[in-house]
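Asks: My questions will all concern the structure given below.
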Amino acid sequence: MHTSPPDLHEIIYVSTLADDAPVRVVADIAKRARTNNRQANITGVLVFDGLHFCQQLEGCARAVDAAMARIQGDSRHRDVEVLHHGPLDKRRFRRFSLGYTSGEDVELLERLQRLKGQAALEAFVALLSGLDVDG
Ligand SMILES: Cc1cc2nc3c(=O)[nH]c(=O)nc-3n(C[C@H](O)[C@H](O)[C@H](O)COP(=O)(O)O)c2cc1C
Numbered sequence: 002m003h004t005s006p007p008d009l010h011e012i013i014y015v016s017t018l019a020d021d022a023p024v025r026v027v028a029d030i031a032k033r034a035r036t037n038n039r040q041a042n043i044t045g046v047l048v049f050d051g052l053h054f055c056q057q058l059e060g061c062a063r064a065v066d067a068a069m070a071r072i073q074g075d076s077r078h079r080d081v082e083v084l085h086h087g088p089l090d091k092r093r094f095r096r097f098s099l100g101y102t103s104g105e106d107v108e109l110l111e112r113l114q115r116l117k118g119q120a121a122l123e124a125f126v127a128l129l130s131g132l133d134v135d136g
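Residue numbers (the working numbering): 2 to 136.
Listed below in structure tokens is the structure:
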């Protein structure tokens with residue numbers, strides 16, 4: 002069980018799968034993310050709806066920023082937009098996981114792309130409640 006570092010932070014961003022990237026790259030991304038994030042003591046979730054990503058990363062600020070910098074430069078997705086970046090009292094997740102959305106959740110993800118700050122945070126939490134991921 003990971004302890005929460007004193008400078009616990011979270012980042013939430015949305016992005017879109019690159020035009021030339023097949024959907025199956027998501028499996029490679031998730032595998033790499035799991036390994037790297039475990040090493041960096043980062044937990045969170047990567048949500049994919051077949052086209053868009055929404056990812057939440059939580060951990061110490063430096064680790065989260067470093068991961069985000071790598072992710073931002075990844076050509077397998079485009080239009081990376083950070084919706085929220087701020088301190089967190091307590092981790093939302095015990096590990097890093099991948100969630101798929103379906104049905105009305107897809108609309109939620111699209112809506113999320115147009116939100117910022119607190120509104121984005123609330124929409125993200127609503128999205129999570131419809132997903133089958135462990136806390
Ligand atoms: C949508 C998306 C989400 C990603 N999420 C993570 C992540 O949570 N953690 C991570 O280390 N890399 C993530 N990556 C991969 C990074 O962009 C990058 O390929 C990887 O960190 C490089 O790791 P390496 O230096 O060990 O090869 C993600 C990439 C994409 C496109």
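Every residue, glycine too, gets a C-beta built ideally from N, C-alpha and C.
Is it true that the CB of residue 84 sits closer than 8 angstroms to the CB of residue 69?
Replies: Result no, Cβ atoms of residue 69 and residue 84 do not sit closer than 8 angstroms.
Asks: Should residue 78 be counted as a contact of ligand 1 given a C-beta to heavy atom distance under 7 angstroms?
Replies: Answer for residue 78: yes, Cβ within range of ligand 1.
Asks: Chain D beta carbons: is any one of them nearer than 8 angstroms to that of residue 127?
Replies: Of the chains in the structure shown, none is chain D; there is only one protein chain.
Asks: Under 7 angstroms from any heavy atom of ligand 1, does the C-beta of residue 92 make it?
Replies: Not so, every heavy atom of ligand 1 lies at least 7 angstroms from the Cβ.
Asks: Which of the three DSSP states, helix, strand or coil, is assigned to residue 80?
Replies: Reduced to three states, the DSSP call for residue 80 is strand.
Asks: So, for residue 132: in the same chain, excluding its five sequence neighbours on each side, which residues have a beta-carbon less than 6 angstroms away from its beta-carbon?
Replies: 100, listed in sequence order.
Asks: How is residue 45 classed by DSSP in three states: helix, strand or coil?
Replies: Residue state, collapsed to three classes: strand.
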